[in-house]
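>
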Amino acid sequence: MKVIVSIQPRGSQPPGITTHWELSSMSEISALIKAIELPIIPLLKPHNCDEAFVIHILRIEIIAPLGLDVTIINLPNLISIPGEGQIDVDVQATKNLIEGYLSNPRAIILAILQTRDDIASQNIVRLACKHDPEGQRTVGILANALSKVAYMSQGTERKIVTPARSLSAISLKAGCFPLRDTSRPEGEHTSIPPVQPLDGIDSVFQEIWPHWKEKDHDRSRLEIEALSPFLQDLLVKHVDCELPKVWADIRDKLDEVEKQLLALGPKRGTVGEVRSSLADMSTHFYQLAQGSYDAKHQGNTMSFFSKEENRLRARVENANREFSYYMRDHGEKRKVFKDVRRNNARTMGCKQANSLEIMSWLADTYHQTRRMGGTTTQNFLSELFREQSCRWPAIAASHIQRVIKIVSTWIFKAVHDSVAEEELRPGLAIFCTRGFKELEKGALDELHKLVQDENNSMITYNCDYTDNLEKSWKEHNQEVLRDAIGDVVQNQLDFHRLPDLEATGRSEVLFNGLQERLRTGPLSDEPFKMLMALDSYYNVARKTFVDNVCRQVVERHLLSPLPTIFCPQAVAKMSDEELLQLGSESQRQRDRRFKLSDIAGGLRRGLEELQSFPVN
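Structure representation (structure tokens):
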């Protein structure tokens, strides 16, 4: 016989503590427990723990030709109510420990029943009925049932025979076994020898209960000699029932461990392994970035782009569209509002002005350029345009910062999707952010150049500008002419004299009236002509500026080179030091990989061994 005793601590084990012993016989266990109780058990308790009990497992493994291949866990009812040295936490800890084992559907419950007490009210019966209501895996053990002492109380026959035949309200489909206590001398109360053979049991029962045979009791369930083969047979049947479930559980556990190993990524112990791993990660990141730029969301990146917030192209296009609308509606410094409700303009930063205020501003600017009147000049128009477009740099810078924030958020999500290992993500996210900072610097420099271009001399040879100016001027002249004719017809023509005049005279009267009306009208107002030119040039310049910001700044500097910040070419250019600093495994990661690999190997071997067992 070989006895192996071990303590399996709950949680981590303090270093330098022996928790494994080998004994030669069962008689040495008590002495061992007393020897380790004081010096070792307190060291396994958590710091500042006042509980009387700590949930550790005392495992006793017996290796001997016993003929019974089974593990027995003794669950004594240590405490049920708080007392001296025990608190409510201790009671609950004991209860949780007991019920934790009993609730396991793969465990067989050996319910030790005391014949001196009411069986139905015993605690183990209540627990067995709770966790095994059908009684399929509960075996009753009637302690001292075959002792002469147990026969002396009235009603003991019913307590013993009825549960033994499974006729009571307690459902024990696995059966019940009456046993006798061989540790006490029974000769004090009866002439039956301390170790009574099975053949003599019937005579004992006939002496005390003459109708023992009338109960038709199964003699194959008497004594420990019958219990051992019965338990072995019950265990085999229970294993046959539970083994397919065990296979499924092991497969699930193995799948879980393999997923954790897969999440760690390939092993990265050398520079070559690190470079290979980073190359795979960078390839996935490159595919995500290029797919975002091209708005192609198929292939192996489909799951990433299934979320709308990960579609970078769509989010940037929406930002560009809102930027264009804002520039159109609120980009100029002064805006003419015919409606008296100007709250929207005030909140958007535009100066609200009516037609008279605009004309006053034009006149002041015109005189400040030292012009005495005449045709449109480049200096005058440039001065007007610079003041009207002075809000563009701030609006464009705000838009670029918004796009930068969108792209930065997307980079973190792409790194999270490309890198499975959590410990590696922060370093690679910083690396990608550092590369994007270079793109951001180039974008801001490009925006500065665009703003400088707008402050230079105006480009008035643009065909769009001349076409818009001619169209606006023509429409305005038609409107002025229409108003002038209406005014002359209503106020200056004498309709009573017109029939008396010849056709030439009528035309002369109408022409003189229009000439006088147009001589003092807005067509002769130089600032108004400047306003027409400014409006035409401003619209063309605004559209060009918006296009340049979206195309040259956003597309050229932020989106187009985005895939290059973390790609296989970038990994190939890294030095060995950079690779090890960025992608090497920590000691904690290596230990975790080794532990998971060991667990996975054990699960595979266990599954193969269990699947080799025949199942009836």
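Residue numbering for the sequence shown is 18 to 633, as defined by my numbering.
Idealized CB from N, CA, C, for every residue including glycine.
If I follow the unbroken beta strand (DSSP E) through Val156, where does it start and stop?
Element bounds for Val156: 155–160.
> From the DSSP output, which residues share a beta bridge with Arg76?
Beta-bridge pairing links Arg76 to Ser23.
> Quick one: grab the DSSP three-state call for Gln223.
For Gln223, the predicted structure reports a pLDDT of 48, less than 50, and the residue's modelled location is therefore unreliable. A value from the coordinates is still provided. The answer is helix: DSSP assigns Gln223 an H, G or I state.
> Just list the residues that DSSP pairs Glu39 with in beta bridges.
Its beta-bridge partners are Ile21.
> Flag this pair as touching only if the segment 453–461 and the segment 570–587 have three or more C-beta atom pairs under 8 Å; answer yes or no.
At 8 Å Cβ cutoff, the stretches touch.
> Could you check what DSSP says for Arg559 in three-state terms: helix, strand or coil?
Reduced to three states, the DSSP call for Arg559 is helix.
> Go through the segment 285–320 residue by residue and report every complete run of the alpha helix (DSSP H) that reaches 4 residues or more, in order.
List check, alpha helix (DSSP H) in window: 288–311.
> Starting from Ile447, follow the alpha helix (DSSP H) in both directions and report where the run begins and ends.
Here the alpha helix (DSSP H) through Ile447 covers 442–472.
> Under the three-state reduction of DSSP, which class applies to Leu196: helix, strand or coil?
It is coil, neither helix nor strand.
> Can you find the residues in the same chain that come closer than 6 Å, C-beta to C-beta, to Phe630, ignoring five residues on each side of it along the sequence?
Hits under 6 Å: none found.
> Ends of the alpha helix (DSSP H) at Ile90?
Counting along the chain, Ile90 falls outside any alpha helix (DSSP H), and DSSP gives it neither H nor E.
> Can you give me the Cβ contacts of Leu279 inside the same chain, cut-off strictly under 8 Å, excluding the 5 residues immediately before and after it?
Counting only Cβ-Cβ distances below 8 Å, and skipping sequence neighbours, we find Ala437.
> Take the Cβ of Asp149 as the centre, count every other Cβ of all protein chains shown within 10 Å, and call the residue buried at 16 or more, exposed below.
Result: buried.
> Would you mind reading off the limits of the beta strand (DSSP E) that contains Leu130?
Counting along the chain, the beta strand (DSSP E) containing Leu130 begins and ends at 126–131.
> Write down the C-beta distance between Gly444 and Leu599 rounded to the nearest angstrom, noting that I regard them as a contact closer than 8 Å.
That pair is a contact at about 6 Å.
> If you draw a straight line from the alpha carbon of Glu594 to that of Gln586, how long is it in whole angstroms?
Distance between the alpha carbons of Glu594 and Gln586: 17 Å.
> Once you ignore the five residues that flank Glu39 on each side, which residues in its own chain have a CB closer than 6 Å to its CB?
These residues qualify, in order along the chain: Ile21.
> Helix, strand or coil: which one does DSSP assign to Arg268?
Note: Arg268 maps to helix in three-state DSSP.
> What first and last residue would you give for the alpha helix (DSSP H) that runs through Gly348?
First-last for Gly348: undefined, no H or E at that position.
> Leu281 and Glu434 - do their beta-carbons sit closer together than 8 Å?
First, the residue type needs correcting, since residue 434 is Asp and not Glu in the sequence shown. Not in contact: Asp434 and Leu281 (Cβ atoms no closer than 8 Å).
> Is the Cβ-Cβ distance between Val420 and Leu575 less than 8 Å?
Yes; because the gap between Cβ atoms is below 8 Å, this pair is in contact.
> Cβ atoms of Phe340 and Phe583: under 8 Å apart, would you say?
Contact: no.
> Counting pairs of Cβ atoms below 8 Å between the segment 123–133 and the segment 250–261, do you hit three or more?
Enough Cβ pairs lie closer than 8 Å, so yes.
> Go through its chain and collect everything with a Cβ distance to Gln153's Cβ below 8 Å, but skip five positions before and after it.
Cβ within range, chain order: Lys190, Ala191.
> Measuring only the C-alpha atoms, how far is Glu457 from Ile616?
So the alpha carbons of these two residues sit roughly 47 Å apart.
> Between the segment 604–612 and the segment 317–325, can you find at least three pairs of beta-carbon atoms closer than 8 Å?
Taking 8 Å as the limit for Cβ pairs, the verdict is that the segment 604–612 does not touch the segment 317–325.
> Are the segment 331–350 and the segment 403–416 touching by the rule of at least three beta carbon pairs closer than 8 Å?
Judged by Cβ distances under 8 Å, the segment 331–350 makes contact with the segment 403–416, as three or more pairs qualify.
> Do you know how far the Cα of Gln109 is from the Cα of Leu295?
Spanning the two alpha carbons is a distance of roughly 51 Å.
> Could you tell me the distance, in whole angstroms, from the CA atom of Ala589 to the CA atom of Gly316?
One C-alpha to the other measures close to 25 Å.
> Is it right to say Glu455 is buried, meaning 16 or more other beta carbons lie within 10 angstroms of its own, or is it exposed?
Burial call: exposed.
> Mark Met43 as exposed unless 16 or more other C-beta atoms lie within 10 angstroms of its C-beta, in which case mark it buried.
With fewer than 16 other Cβ atoms within 10 Å, it is exposed.
> Taking Ala81 as the reference, give the member of Gln604, Ser41, Gln307 with the closest Cα.
Of the listed residues, the one whose Cα sits closest to Ala81 is Ser41.
> Comparing alpha-carbon positions, which option in Tyr555, Phe453, Lys422 lies nearest Ser399?
Answer by Cα proximity: Tyr555.
> Within 10 angstroms of the Cβ of Ile74, are there 16 or more other Cβ atoms? Answer buried if so, exposed if not.
Label assigned to Ile74: exposed.
> Can you tell me the Cα-Cα spacing of Ser183 and Val106, whole angstroms?
Any reading at Ser183 is ruled out, since the residue's pLDDT is 47, under 50, leaving its predicted position unreliable.
> Pick out whichever of Gln25, Leu114, Ile53, Phe453 has its Cα sitting closest to the Cα of Glu78.
Of Gln25, Leu114, Ile53, Phe453, the residue nearest in Cα terms is Gln25.
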